[in-house]
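Note that the protein sequences, when read in sequence, are chains F and V.
Position one of the first sequence corresponds to residue 63 (our numbering), numbered consecutively onward.
Position one of the second sequence corresponds to residue 63 (our numbering), numbered consecutively onward.
Take a look at the structure set out below.
2 protein chains.
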Amino acid sequence: MDYEDAITALADPTRRIIIDRLRGGSLPVAAIAKGMDVSRPAVSQHLRVLSDAGLLTVTPKGNRRLYAIAPDGVDGLRRYLDTLWDDALAAFARAAAEQAKENANERSD
Amino acid sequence: MDYEDAITALADPTRRIIIDRLRGGSLPVAAIAKGMDVSRPAVSQHLRVLSDAGLLTVTPKGNRRLYAIAPDGVDGLRRYLDTLWDDALAAFARAAAEQAKENANERSD
DNA sequence: ACGAATCGTAAGCAATGACTTACGGTAAGT
DNA sequence: ACTTACCGTAAGTCATTGCTTACGATTCGT
Chain F
63 MDYEDAITAL
73 ADPTRRIIID
83 RLRGGSLPVA
93 AIAKGMDVSR
103 PAVSQHLRVL
113 SDAGLLTVTP
123 KGNRRLYAIA
133 PDGVDGLRRY
143 LDTLWDDALA
153 AFARAAAEQA
163 KENANERSD
Chain V
63 MDYEDAITAL
73 ADPTRRIIID
83 RLRGGSLPVA
93 AIAKGMDVSR
103 PAVSQHLRVL
113 SDAGLLTVTP
123 KGNRRLYAIA
133 PDGVDGLRRY
143 LDTLWDDALA
153 AFARAAAEQA
163 KENANERSD
């Protein structure tokens, strides 16, 4: 299972902020950390977690390191949630049908 | 933001197991806890977290309480990931185009 | 070649959270 | 009515983890 690391990584608010900052495209670490309420090393640690989870790609560019969102990592989570969504809807429909049948029995009592 | 509670709730492995057990339909607490490697009160606490996050619905049924996956809660997370997916793909496409342009400049040097 | 900039890592600390045991409260069975 | 079953909550403990400061390594600029 790979989506598990992804969902664990995205559970942290600071990491979601980092992800949001990368929505527009790749950024170096200093640019990501700028204006955030945690130190730059903290951001580095979060970037490590996000990379290990497959949510970010790193491309060394001379002095700096550019981080970007990895579409594949996001897709893993999307697929997990899609199956969950399908099962939830199916179970919901069955429960609704069951409830309707019970109501019909009540009326016939 | 509501999806934040949902993703935090799903970050825990035990809670994901609980969710998986509810994929087939609603279950009482004892049935969920049966065979799991944590105590029943622990399951109760997890069910509380999942409910507060909007991922589960509770319907008291006489002596027992039936828990079921709430499609709406799952949908909130799906929408968040969809926007993330869209932005990631767009950024990826821009980066690819940029890279192609750089390569063209290199060949012309 | 030397100083400045960019970044990752190590060590230590404080806070969050997941678990257990113990308990109380409500509904079902006899 | 009394016992049993089902379930949530409280209190306390222990591991996890997110943060800071300090440091070392690599690259850019002059």
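Beta carbons are placed, not taken as given, at the ideal position from N, Cα and C, and that holds for glycine.
For Leu118/F, same chain residues with a beta-carbon under 7 Å away, outside a window of 5 residues either side, are Leu109, Leu112, Tyr129, Ala130, Ile131, Ala132 in chain order.
DSSP places Arg85/F outside both helix and strand once states are collapsed to three, so it counts as coil. If you check each beta-carbon in the stretch 80-102 of chain F against every beta-carbon of chain V, the ones closer than 9 Å belong to Ile81, Asp82, Leu84, Arg85, Gly86, Gly87, Ser88. Membership of Leu112/F in any beta strand (DSSP E) is not indicated; the residue belongs instead to the alpha helix (DSSP H) covering 102-114.
Using a Cβ-Cβ cut-off of 8 Å, Arg110/V does not count as an interface residue toward chain F, since no Cβ of chain F sits closer than that to its own. For Ala68/F, no beta strand (DSSP E) segment is defined; the enclosing uninterrupted segment is the alpha helix (DSSP H) at 65-72. Distance from the CA of Ala68/V to the CA of Tyr142/F, rounded to the nearest whole angstrom, comes to 14 Å. By the C-beta criterion, the stretch 76-88 of chain F is judged to be in contact with the stretch 147-157 of chain V, since at least 3 inter-stretch pairs fall below 8 Å. Judged by their CB atoms, Val100/V and Thr76/V are nearer to each other than the 8 Å cut-off. Here Ala104/F is not near Gly135/F, since their CB atoms are 8 Å or more apart.
For Ala158/V, the number of other beta carbons within 10 angstroms of its own is below 16, and it is reported as exposed.
In this structure, Ala93/V and Ala73/F do not form a Cβ contact; the two beta carbons are roughly 27 Å apart against a cut-off of 8 Å. Distances from the alpha-carbon of Arg156/F to those of Ser106/V, Ala95/V, Ser88/V put Ser88/V closest.
Identification of residues in the stretch 124-155 of chain F having a C-beta nearer than 8 Å to some C-beta of chain V yields Ala130, Ile131, Ala132, Pro133, Val136, Asp137, Leu139, Arg140, Leu143, Asp144, Leu146, Trp147, Asp149, Ala150, Leu151, Ala153, Phe154, given in sequence order.
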